[in-house]
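Engineer: Numbering (my numbering), first residue to last: 98 to 290.
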Amino acid sequence: MKPFIRQYLLLILAGSIISIGIVISAISIIKDNPISGRNFIPVNAKTAVELVPGKYTIFYEYNQSTKQFGPLTITSNNKNVKLTDWLQISVKNHGNELSLKGDSSLSYSINQNVGESIISFKVDRQDQYEISINTKDFSDIDALRFTLIADFTERIFSVFKNFAIYMLISIPFVLPGFWIYIREEKKKSRSGF
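1) Give the straight-line distance between the Cα atoms of S267 and L110, rounded to the nearest whole angstrom.
2) Alpha carbon to alpha carbon, what distance is there between S187 and D200?
3) Which residue's Cα is closest to the Cα of S229: S204, S255, I115 and Q185?
4) Mind listing, in chain order, the continuous beta strand (DSSP E) runs of no fewer than 3 residues lying wholly within the region 197-236?
5) For G151, list the residues DSSP reports as bridge partners.
6) Using CA atoms only, rank isn't needed, just tell me which of N231, A247 and D248 is closest to L241.
7) From the DSSP output, read off the bridge partner residues of N193.
8) Suppose you measure from the CA of K128 to the CA of G118; what does that come to, to the nearest Å?
9) Measuring alpha carbon to alpha carbon, tell me which residue in Q225, R252 and Q104 is nearest A145.
10) Grab me the residues of N160's own chain with a C-beta within less than 7 angstroms of its C-beta, minus the 5 sequence neighbours each way, in chain order.
11) Among the residues of its own chain, which have a CB less than 8 angstroms from the CB of E194, if the five just before and after it don't count?
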């Protein structure tokens with residue numbers, strides 16, 4: 098085996114494994130992007146959705162150029178009323194209602210559309226879930242658009258976990274590769290090359 102190949106073979110192999118891990122992780126993020134695969138939920142209707150275990154968030158989506166702050170109304174005492182004050186949101190599985198938690202911590206933007214989180218909930222098992230968003234007080238129902246998105250942080254964590262596995266796979270090649278590299282460099286320095 099040529100000294101150059103012997104010196105760098107394991108390091109090249111480890112670098113290839115890490116590169117494959119980066120490519121697979123990037124493809125996984127692009128392919129399974131929860132925002133592009135979001136489910137739209139109509140108002141005053143029941144929507145059946147197949148969900149897998151994990152955390153989900155319901156977002157209010159609006160066009161930024163026309164409804165910059167979302168639909169707000171002014172009451173007689175000049176107080177702003179939040180969107181969630183007009184809505185009755187429920188998520189049921191075989192008649193059992195899931196626990197919903199108010200959540201305004203997340204947002205997304207796609208082109209001119211902005212989504213702001215309003216409710217989050219957790220699903221423990223894969224099944225068919227019935228989501229209903231009802232309102233009686235808001236007259237412009239066409240202006241209301243809601244989306245259901247799986248938790249993006251869990252997806253990112255999964256991608257980093259997979260990348261870490263590729264890093265661990267490369268360690269048995271990196272350590273001996275460095276040892277061989279150092280040994281060959283010492284041989285070169287002793288022989289005067």
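From the three backbone atoms N, C-alpha and C, an ideal C-beta is built for every residue, glycine too.
Just so you know, these numbers come straight off a predicted model, no measurement behind them.
Structural biologist: For this structure:
1) Straight-line Cα distance between these residues: approximately 8 angstroms.
2) Distance between the alpha carbons of D200 and S187: 15 angstroms.
3) In this structure, Q185 is the residue among S204, S255, I115 and Q185 with its C-alpha nearest to the C-alpha of S229.
4) Every unbroken stretch of the beta strand (DSSP E) spanning 3 or more residues and falling wholly within the region 197-236 is given here in chain order: 204-207, 210-220 and 224-232.
5) Paired residues: V220.
6) When C-alpha distances from L241 are compared across N231, A247 and D248, the shortest belongs to N231.
7) Note: N193 sits in a beta bridge opposite N190.
8) Cα-Cα distance, rounded: 15 angstroms.
9) Per the Cα distances, Q225.
10) Spatial neighbours of N160 in its own chain (CB-CB distance under 7 angstroms, excluding positions within 5 residues in sequence) are listed in chain order as Q209 and N210.
11) Taking C-beta separations shorter than 8 angstroms and ignoring five residues to either side along the sequence, the partners of E194 in its chain run S187 and V188, following chain order.
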